[in-house]
Amino acid sequence: MEREKHCWAQVDLDAIRHNFQLVKKASGGNICAVVKADAYGHGDAAVTRVLEAEGAFAFGVSCLAEALSLRRAGVSRPVLILGHTQPDHAALLAENHLWQTVYSAEYAQALSAAATAAGVKVECHLKLDTGMGRLGFGLRCPEDLESCVAEVLPYLSLPGLAFTGVFMHFAVADSLDDGDIAYTHQQYRLFRLAVDRLEALGHSFQVVHCCNSAASFTHPEWKEDMVRPGIVLYGCQPSDDTTLPGLQPALSLRTVVTQVKALQPGQSVSYGRTFTAPHAMTVAVLAAGYADGYPRSLSGQGLVLIRGVACPVLGRVCMDQMMVDVSAASGVARGDEAVLFGAGGAQSAAQAAALCGTIPYELLCRVSRRVPRLYVQQGKTPFFANYLE
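Be aware that the sequence shown starts at 210, since it is given in the numbering used here, and climbs by one per residue.
Okay, structure coming up:
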């Protein structure tokens, strides 16, 4: 059917290409593009197709379902599952040539037993916890090195498992605080001590990796065999402290004006009557709300771009609709396009997220499944993805 102009996310594939090459040049390493959470809301099938063509070495996802989604989309490059997979899915892991994270003795034993029972071998990446405090065999100080290595070593030769990779994750690589810088350096030092010790004891890894988005360009000397950028691929900076010049935001959340009405002095808008007009105003109703991914916490503080004018959000954002002041935007009419946030809007994803007390990662991932993705490149619309069709 013909595309309905209601609420959609516009994704610039040229921007994603540009960002990929920018990170690749800055890091000097192979790129494992992190595309978990539906490529941070941008659409995993479209994004991986572009990045595979650009030369991505591998892709990173959170879970088995996301990994299988990439395989169904035709991705042939290695896919690393960064989180937990139920051990009884060992055959699926092997059949789809997926790299599975192994993060504890208990998990290694369970996955080995399942793989052996299924008659398969699962390719694994060992996860070390050098200070993130999430998944991983713990190594928090140099004094723990030998005990950590002694714990890990027996599991590297378990039947049904092939440990071809090892990695860790930085906790504060996006911070320039002196203490955080020291912490990041300590994390890397511990990681290298463990890898070197394991290799000295006879276990070498084909793929060693540690750098996230921030570390990939602030510490290119740590690139190892590959880096794992995420948010920078989509054009957002890891933080205000760590910025990679030249990034291009790829996504904008857009909708249309459905009605324009006059608001008289003393009249209120939306649930709770949190806004009352101090004078005569012109108000536009938009066909989007928090169920589409526009945060309710932007009520009364968001800015929406309509006809080139930044229009303030009035009252509370509803589930499916919202109201904005278009008094300063001449001639606004039903059907006019509105950019809610992101590329080409009055507020970037980072600016909107800051007003909500969160980060752009979360804002982008909030764009819901009912919101179609409209992909553009070289000024043209190559295709349109609607999850509900």
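Just so you know, even glycine gets a beta-carbon here, dropped at the ideal spot from N, CA and C.
Item	Value
Considering Cα atoms alone, identify which of Gly481, Ser477, Ala497, Gly498 is closest to His488.	Ser477
Could you tell me if Thr590 is buried or exposed, where buried requires 16 or more neighbouring beta carbons within 10 angstroms of its beta carbon?	exposed
Using a Cβ-Cβ cutoff of less than 6 Å, which residues in the same chain neighbour Leu385 once the five nearest sequence positions on both sides are dropped?	Asp450
What does a CB cutoff of less than 7 Å around Val580 pick up in its chain, not counting 5 residues either side in sequence?	Cys216, Trp217, Ala218, Asp501, Gly502
Take Gly517 as the anchor and find which of Cys527, Leu549, Ser508 has the nearest alpha-carbon.	Leu549
For Gly388, report the span of its alpha helix (DSSP H) as first-last.	387 to 409
I want to know whether the segment 463 to 479 touches the segment 409 to 421 - three or more CB-CB distances under 8 Å.	no
Leu344 to Asp338, Cα distance in whole Å?	7 Å
Roughly how many whole angstroms lie between the Cα atoms of Leu597 and Val256?	19 Å
DSSP three-state label for Gln587, please.	coil
Would you kindly work out how many angstroms separate the C-alpha atoms of Ala235 and Met435, rounded to a whole number?	13 Å
Assuming Thr393 and Phe379 are in contact, meaning their beta carbons sit under 8 Å apart, how far apart are those beta carbons, in whole angstroms?	6 Å
Spell out a yes or no on whether the segment 452 to 462 and the segment 568 to 588 are touching, meaning 3 or more CB-CB pairs, one atom from each, closer than 8 Å.	yes
Between which residues of its own chain and Arg437 is the CB-CB distance below 7 Å, once the five residues before and five after are set aside?	Cys241, Val243, Gly269, His418, Cys420, Asn421
To the nearest whole angstrom, what separates the beta carbons of Asn239 and Gly444, a pair I think is in contact under 8 Å?	With 8 Å as the limit, Asn239 and Gly444 do not qualify as a contact, their Cβ atoms being about 21 Å apart.
Within this structure, are the beta carbons of Leu507 and Leu564 separated by less than 8 Å?	yes
Would you grab the beta carbon distance between Val441 and Val232 for me? Rounded to a whole angstrom, and I think it's under 8 Å.	6 Å
Distance, Cα to Cα, Gly328 vs Lys245?	29 Å
Using the three-state DSSP reduction, which class does Ile240 fall into: helix, strand or coil?	strand
Secondary structure at Phe484, three-state DSSP: helix, strand or coil?	strand
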